[in-house]
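Novice:
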Amino acid sequence: MSRVSHMSAAAGGGRAARGARGTLGSAGLYAALLVATVLFLVPFYLIARNALSTDADITGETWTFFPTDLQWGNVRELFADPAVPFARALWNSLVVGVLHTAGTLLLCSTAGYGLARIPYRHAQKVFYLVLGTLMVPAAVTFVPTFVLVSSLGWVSSLRGLVIPGLFSGFTAFLFRQYFLGFPRELEEAARVDGLNHWGAYWRVVVPNSLNFFAAIAVITFIGGWNAFLWPLVIGQDQESWTVQVALSSYLTAQTVNLHLIFMAAAISILPLILVFLVLQRWLVQGVAQTGIKG
Amino acid sequence: MPAISSREWDRRDLLRAAGGIAALGALSACGSNTGRGGGGSGRSLKQMYHAYGEPGTQQAAQKFAKAYRDADVSVQWIPGEYEKKLFTALLSSDGPDVFEFHPQIHMAHERQIVPLDDILEDAKDDFNEADITSHTIDGKVYGVRMIDDPQFLYYRKSLLDKAGIEPPDTLDALIEAAEKLTTDKVKGLYLGQTLQPIQSPLIWSTGAELLTPDNEIAYHTDEVAEALRKLRRLYAGKALLKGAPTEHWDPASFNQGLCAMQWCGMWAMPQILEAHGDDVGIIPWPSSGGPQGRPAVYNGGWSAFVSAKAKDVDAAKAFVKWLWIDQKEFQREWCLDYGFHIPPRKSVAAGAEELKSGLAAEGVELFNSAGIFDNPSWTQSMITTLTDVMANAVRDDADPEAELDKADRKIRRELDKIFG
Amino acid sequence: MATPLRRPAGRGRRPVPGRGHALAFWLFTGPFLAGLLVFVYLPIGWSLWLSLFEARSTVTPTEFVGLGNYLTMLSDGDFVRSLGTFTVFALFAVPLTFALSLALALLVHRIRFLRAFFRSAFFLPTACSYVAASLVWKMSVFNGVRFGLANTVLGWLGLDSVAWLASPDPPWYWLVIVTVRLWLQSGFYMILFLAALQNIPRVLYEAAAIDGARPGWQTFRHITLPQLRTTSTAVILLLLIAAYQAFDEFYNLLDKATWGRPPLVYLYNLALGENQDYGLGSAGALLLALLICLVTLLQGRFLGFGRESDT
Numbered sequence: 003m004s005r006v007s008h009m010s011a012a013a014g015g016g017r018a019a020r021g022a023r024g025t026l027g028s029a030g031l032y033a034a035l036l037v038a039t040v041l042f043l044v045p046f047y048l049i050a051r052n053a054l055s056t057d058a059d060i061t062g063e064t065w066t067f068f069p070t071d072l073q074w075g076n077v078r079e080l081f082a083d084p085a086v087p088f089a090r091a092l093w094n095s096l097v098v099g100v101l102h103t104a105g106t107l108l109l110c111s112t113a114g115y116g117l118a119r120i121p122y123r124h125a126q127k128v129f130y131l132v133l134g135t136l137m138v139p140a141a142v143t144f145v146p147t148f149v150l151v152s153s154l155g156w157v158s159s160l161r162g163l164v165i166p167g168l169f170s171g172f173t174a175f176l177f178r179q180y181f182l183g184f185p186r187e188l189e190e191a192a193r194v195d196g197l198n199h200w201g202a203y204w205r206v207v208v209p210n211s212l213n214f215f216a217a218i219a220v221i222t223f224i225g226g227w228n229a230f231l232w233p234l235v236i237g238q239d240q241e242s243w244t245v246q247v248a249l250s251s252y253l254t255a256q257t258v259n260l261h262l263i264f265m266a267a268a269i270s271i272l273p274l275i276l277v278f279l280v281l282q283r284w285l286v287q288g289v290a291q292t293g294i295k296g
Numbered sequence: 294m295p296a297i298s299s300r301e302w303d304r305r306d307l308l309r310a311a312g313g314i315a316a317l318g319a320l321s322a323c324g325s326n327t328g329r330g331g332g333g334s335g336r337s338l339k340q341m342y343h344a345y346g347e348p349g350t351q352q353a354a355q356k357f358a359k360a361y362r363d364a365d366v367s368v369q370w371i372p373g374e375y376e377k378k379l380f381t382a383l384l385s386s387d388g389p390d391v392f393e394f395h396p397q398i399h400m401a402h403e404r405q406i407v408p409l410d411d412i413l414e415d416a417k418d419d420f421n422e423a424d425i426t427s428h429t430i431d432g433k434v435y436g437v438r439m440i441d442d443p444q445f446l447y448y449r450k451s452l453l454d455k456a457g458i459e460p461p462d463t464l465d466a467l468i469e470a471a472e473k474l475t476t477d478k479v480k481g482l483y484l485g486q487t488l489q490p491i492q493s494p495l496i497w498s499t500g501a502e503l504l505t506p507d508n509e510i511a512y513h514t515d516e517v518a519e520a521l522r523k524l525r526r527l528y529a530g531k532a533l534l535k536g537a538p539t540e541h542w543d544p545a546s547f548n549q550g551l552c553a554m555q556w557c558g559m560w561a562m563p564q565i566l567e568a569h570g571d572d573v574g575i576i577p578w579p580s581s582g583g584p585q586g587r588p589a590v591y592n593g594g595w596s597a598f599v600s601a602k603a604k605d606v607d608a609a610k611a612f613v614k615w616l617w618i619d620q621k622e623f624q625r626e627w628c629l630d631y632g633f634h635i636p637p638r639k640s641v642a643a644g645a646e647e648l649k650s651g652l653a654a655e656g657v658e659l660f661n662s663a664g665i666f667d668n669p670s671w672t673q674s675m676i677t678t679l680t681d682v683m684a685n686a687v688r689d690d691a692d693p694e695a696e697l698d699k700a701d702r703k704i705r706r707e708l709d710k711i712f713g
Numbered sequence: 482m483a484t485p486l487r488r489p490a491g492r493g494r495r496p497v498p499g500r501g502h503a504l505a506f507w508l509f510t511g512p513f514l515a516g517l518l519v520f521v522y523l524p525i526g527w528s529l530w531l532s533l534f535e536a537r538s539t540v541t542p543t544e545f546v547g548l549g550n551y552l553t554m555l556s557d558g559d560f561v562r563s564l565g566t567f568t569v570f571a572l573f574a575v576p577l578t579f580a581l582s583l584a585l586a587l588l589v590h591r592i593r594f595l596r597a598f599f600r601s602a603f604f605l606p607t608a609c610s611y612v613a614a615s616l617v618w619k620m621s622v623f624n625g626v627r628f629g630l631a632n633t634v635l636g637w638l639g640l641d642s643v644a645w646l647a648s649p650d651p652p653w654y655w656l657v658i659v660t661v662r663l664w665l666q667s668g669f670y671m672i673l674f675l676a677a678l679q680n681i682p683r684v685l686y687e688a689a690a691i692d693g694a695r696p697g698w699q700t701f702r703h704i705t706l707p708q709l710r711t712t713s714t715a716v717i718l719l720l721l722i723a724a725y726q727a728f729d730e731f732y733n734l735l736d737k738a739t740w741g742r743p744p745l746v747y748l749y750n751l752a753l754g755e756n757q758d759y760g761l762g763s764a765g766a767l768l769l770a771l772l773i774c775l776v777t778l779l780q781g782r783f784l785g786f787g788r789e790s791d792t
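Protein chains in written order, with our numbering: chain A, 3 to 296; chain B, 294 to 713; chain C, 482 to 792.
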């Protein structure tokens, strides 16, 4: 698609007329892009460099560009460190990320569909109730939510980590907007075939919306994996720490082992980098769709 | 007065509703607990430590817990933000039964901790007197001291010699020394990122106290304000190490040669000796502020407490008695085998050969001659309030007098809440 | 009650609102709505109640203090200062992120060769968390001692090391805080702008070229920018919402500082710090929520967002 638009642009602009200025201009473009790219990738370089160094390399008087003697043993040392249960934190993050994503998709998509497509006289009131939560970001009400969740005895528990975050007014709103634009004909065909709303939803609407679901899923998972404030508040017990809380604990810990801290950072972002590279198409699509509509 | 009684009535209704929700919470909390613990003896205890920096400590804590026969003790090891984690945990229904902390009066008043006189009994006389008095609140002893940790200034002898200076004995001399010791690679002095560890020593060194014996504000004097001004000049200059990746409690900055002097604790002495050999000396925080000034060493440390919310308070007490009163060999190991800490038990200290010579002996000497212990009336929120003074008046450029006035208001409110 | 009257007439086969759909509606929205009531509305109600009490270290307090907590918060210089911090932060972060992401999008949009590579390079930081980024910034990029990257570069230039985060004077910490956000967010919004740029009809540029508009600033000003209006307003709104929730990087970068403390960090310390003051914490949270509601509504009025719910 983008290739087509380029061809038309080139045709419209007149290829010959641009000539030398165009080449110079695009050299400048690429130079600017390269500088920006280097700046954007420097933090990744630092993570890799420090994760594979010894502390002496990192803190030395002169800058070591990359350790010649790669310290892969840092990985083992990190997981063997008894002070921070890092493997457990990775596992927690994975479980929380998956449950968070699955729960959010299920609850918010059905709610969004109900709001968009089921004619019901109180639907508008319910919609206002959802919209009301959009005005106050969930993070702002973490004190009240903590009060409630701690009274339920859910502190340091998986349900405390996951359940309060499932009811995202924003995601429900996105689904509603999406379903408003879903072709009515498909649904009506299903209704003619004798399916009720529920059946039509699962047999026709969802299978035809997998791209949108995938996009929201990737974004929700990343959000869940990277969330910090709520896991920090609720993860009082080390056993319930997520990766982000574990990482943060290194910043306030008694002793600072730079190489371990950076190895931990590297391992914490690696899964998401992979998700990014593999699922980039959906992700870009998802960002474009959800962002604009939000 | 019908208006009042109806308001009372509303409130009671609300309370009942809240109680109902809380009960619901308790119910589901029971549900969530079934997966935990459940060992042979049937009793289980949760013990909470802050994360010690010295290698081997966590394993030792677990070893002690495992050696206890009368209950299954699980050790929680908290790196970073220990106070916050502890206070939140104590509030929850699933908090620690036994934990380490510093003596603070509000915890006793709010019934978060229980008196331990009955387990101390005979052993009381074997403790350093100050370790008993600093844990006595309204006539009862609330904590069992585990370790005494004096904090002082470490300095590199060779660097001072090279600069041609003597170990400083006044605040002015300290600032001057820091400036002279500063080169393009090495800073003169490191006091931690937040300056929190030196806030009390600074006040003491002017001759002032934190609170009077009747628990009135005593830190707000002209000398303290003046000392803050001097510290601000030091902070604004180039002689102080700022932005180091590690806090004052970690000797890394000193050991990596980032600074020539550092405020740190007795605990780090083995690591420091390993890094610099006998090229190290220690001094107290020097006297600041005229004739009534005095050198000050902060006698910090950690003590064991029993949570009033413990599921079985007696079992928790029995464990504290076993570990921190009966097991002298474990106490010796905890104090001497990882970092250096002064054993609070006279009988244990008597056998501590490691502390009887060299720099360690000098540390013990400073602990005894210039050391000042925690005042249980000085609570965590007062500590934080003073840290804010350090932040605003020293790290930022605010007027110390105005900042102390602001702190007075907060601390007075706190004192009113505690003492009425 | 008024259903029969308001039933839209003549809409053909479209199902009419009525009792028959109630069950289906609640089946779809009921679970979500129940959660919303319990985990969003109930806590707000509870904290409304808590905010009227002296509630230290307890969530079932007994000492009624009326509006005392609100008055304490409003007269608390630090709370008010935290709102100021947020304002400064938003003034820096929002326009800068906006400009950078738009600039990146324009650059990437104009090239043909290696486009996917550059897009990925700028988008990749979105994968990182604020915690990981803060860690790299604090421990490596803007480390205050000689072995930090920024200080190493300063050293090569013969300049003194800077303790970036140690002191508010000069306020270097803003550089650290704002660059974290720029790095993490720009790629995300760049994607939004890229998508919008691709949707601008080519015809517009061709027509402009015929009218004599020169490519570059003129076409950008008169065609690209107006065409991006919807995306731009959306991006500004999203950036502001994200700024309200700023916590992670401040918490991890500025430990125990009294400056650079946005409202959420202040509330965290109040409610979950030494004092465990849920009364004051609740009052502060509600004041903040109220403020954000007001700003959102005002913003909706100015940017024309309120009408979106009609679609």
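Idealized CB from N, CA, C, for every residue including glycine.
Note that the coordinates shown come from a computational prediction; the quantities given were computed from them, not determined experimentally.
At a CB-CB cut-off below 9 Å, which residues of chain B make contact with D650/C?
Specialist: Neighbours of D650/C on chain B, chain order: A529, R688, D689 and D690.
Novice: Determine the DSSP secondary structure at N668/B, reduced to helix, strand or coil.
Specialist: Note: N668/B maps to coil in three-state DSSP.
Novice: Near R336/B, what residues of its chain come up, given a Cβ to Cβ distance below 6 Å and the 5 sequence neighbours on each side ignored?
Specialist: Result list for R336/B: A364 and A608, in chain order.
Novice: Show which residues of chain A have a CB atom less than 7 Å away from the CB atom of N550/C.
Specialist: Ordered by position in chain A, no residue passes the 7 Å Cβ test against N550/C, which lies about 12 Å from the chain.
Novice: In three-state terms, what does DSSP make of P233/A?
Specialist: In the structure shown, P233/A sits in a helix (DSSP, three-state: H, G or I).
Novice: Tell me which same chain residues have a C-beta within less than 8 Å of the C-beta of L188/A, skipping the five on either side of it?
Specialist: If we look at L188/A and ignore the five residues flanking it on each side, its Cβ neighbours are V206, V207 and N210.
Novice: Give the straight-line distance between the Cα atoms of C609/C and F68/A, rounded to the nearest whole angstrom.
Specialist: C609/C and F68/A: Cα-Cα distance of roughly 22 Å.
Novice: Against chain B, does E251/A count as a neighbour if the rule is that its beta carbon must be under 7 Å from one of theirs?
Specialist: Position check: residue 251/A holds Ser in this sequence, whereas Glu was assumed. Judged by the 7 Å Cβ criterion, S251/A is in contact with chain B.
Novice: Give the residues of chain E in contact with R591/C, contact being defined as C-beta atoms less than 7 Å apart.
Specialist: Checking the listed chains, one finds no chain E in this structure; the protein chains it contains are A, B and C.
Novice: Could you tell me the distance, in whole angstroms, from the CA atom of F215/A to the CA atom of T173/A?
Specialist: Cα to Cα, F215/A sits roughly 11 Å from T173/A.
Novice: Can you say whether G593/B is buried or exposed, counting buried as having 16 or more other CB atoms within 10 angstroms of its CB?
Specialist: The residue is buried, with at least 16 neighbouring Cβ atoms inside 10 Å.
Novice: With distances taken Cα to Cα, identify the nearest neighbour of D641/C among R702/B, A518/B and V479/B.
Specialist: The option with the nearest alpha carbon to D641/C is V479/B.
Novice: Using DSSP with H/G/I as helix, E/B as strand and the rest coil, what is Y749/C?
Specialist: Y749/C: helix per DSSP, three-state reduction.
Novice: DSSP on L656/C, reduced to helix/strand/coil?
Specialist: Here L656/C sits in helix by DSSP.
Novice: I'd like to know if L748/C contacts chain B, where contact means its C-beta is closer than 7 Å to some C-beta of that chain.
Specialist: By this cut-off, L748/C is not an interface position.
Novice: Which residue comes first and which comes last in the alpha helix (DSSP H) that contains Q246/A?
Specialist: Run containing Q246/A: V245 to L253, per the alpha helix (DSSP H) assignment.
Novice: Within 10 angstroms of the Cβ of A82/A, are there 16 or more other Cβ atoms? Answer buried if so, exposed if not.
Specialist: Exposed is the call here.
Novice: Check whether chain B comes within 7 Å of D791/C, counting only Cβ atoms and requiring the distance to be less than that.
Specialist: Confidence at D791/C is low in this model, with a pLDDT of 38, below 50, so its placement is unreliable and the value that follows should be read with caution. Judged by the 7 Å Cβ criterion, D791/C is not in contact with chain B.
Novice: Near F623/B, which residues of its chain fall below 7 Å by C-beta distance, leaving aside the five closest residues on each side in sequence?
Specialist: Excluding residues within five positions, the ones whose Cβ falls inside 7 Å are F357 and L616.
Novice: So is L212/A buried or exposed if we call it buried at 16+ other beta carbons inside 10 Å?
Specialist: L212/A comes out exposed.
Novice: Output yes or no for whether 7 Å exceeds the beta carbon distance between F2/A and Q246/A.
Specialist: Outside the displayed span of chain A (3 to 296) sits residue 2/A, for which this structure offers no information.
Novice: Can you name the residues that DSSP bridges to W370/B?
Specialist: Answer is Y342/B, bridged to W370/B.
Novice: For L775/C, count neighbouring C-beta atoms within 10 Å of its own C-beta (all shown protein chains included) and say buried if the count is 16 or more, exposed if not.
Specialist: Classification of L775/C: exposed, given that the 10 Å Cβ count is below 16.
Novice: Can you pull the DSSP bridge partners for R438/B?
Specialist: S596/B, per the DSSP bridge assignment.
Novice: Going by the CB atoms, is the gap between I704/B and T715/B shorter than 7 Å?
Specialist: No answer is possible for residue 715/B: the residues shown for chain B start at 294 and end at 713.
Novice: Interface residues of chain B around G625/C at Cβ under 9 Å?
Specialist: Going along chain B in sequence order, the residues near G625/C (Cβ under 9 Å) are Q486, L534, K535, G536, A537 and P538.
Novice: Is DSSP giving L154/A helix, strand or coil here?
Specialist: L154/A: coil per DSSP, three-state reduction.
Novice: Who does S170/A pair with in a DSSP beta bridge?
Specialist: For S170/A, which the question treats as bridged, DSSP gives no partner whatsoever.
Novice: Please say whether L527/B and I618/B have beta carbons closer to each other than 7 Å?
Specialist: No; because the gap between Cβ atoms is not below 7 Å, this pair is not in contact.
Novice: Within the stretch 43 to 80 of chain A, note down every full alpha helix (DSSP H) run reaching 4 residues or more, in order along the chain.
Specialist: Segments of the alpha helix (DSSP H) lying fully in the stretch 43 to 80 of chain A: 57 to 61.
Novice: Just reading off the beta strand (DSSP E) that C552/B is part of, what are its end residues?
Specialist: That run of the beta strand (DSSP E) goes C552 to G558.
Novice: Judging by CA-CA distance, which residue of L133/A, V40/A and V151/A is the nearest neighbour of P524/C?
Specialist: Here the closest residue by C-alpha is V151/A.
Novice: State buried or exposed for S648/C, treating a residue as buried only when at least 16 other CB atoms are found within 10 Å of its CB.
Specialist: By the neighbour-count rule (16 or more Cβ atoms within 10 Å), S648/C is buried.
Novice: In whole angstroms, give me the CA-to-CA distance for W645/C and F169/A.
Specialist: If you take the alpha carbons of W645/C and F169/A, they lie about 39 Å apart.
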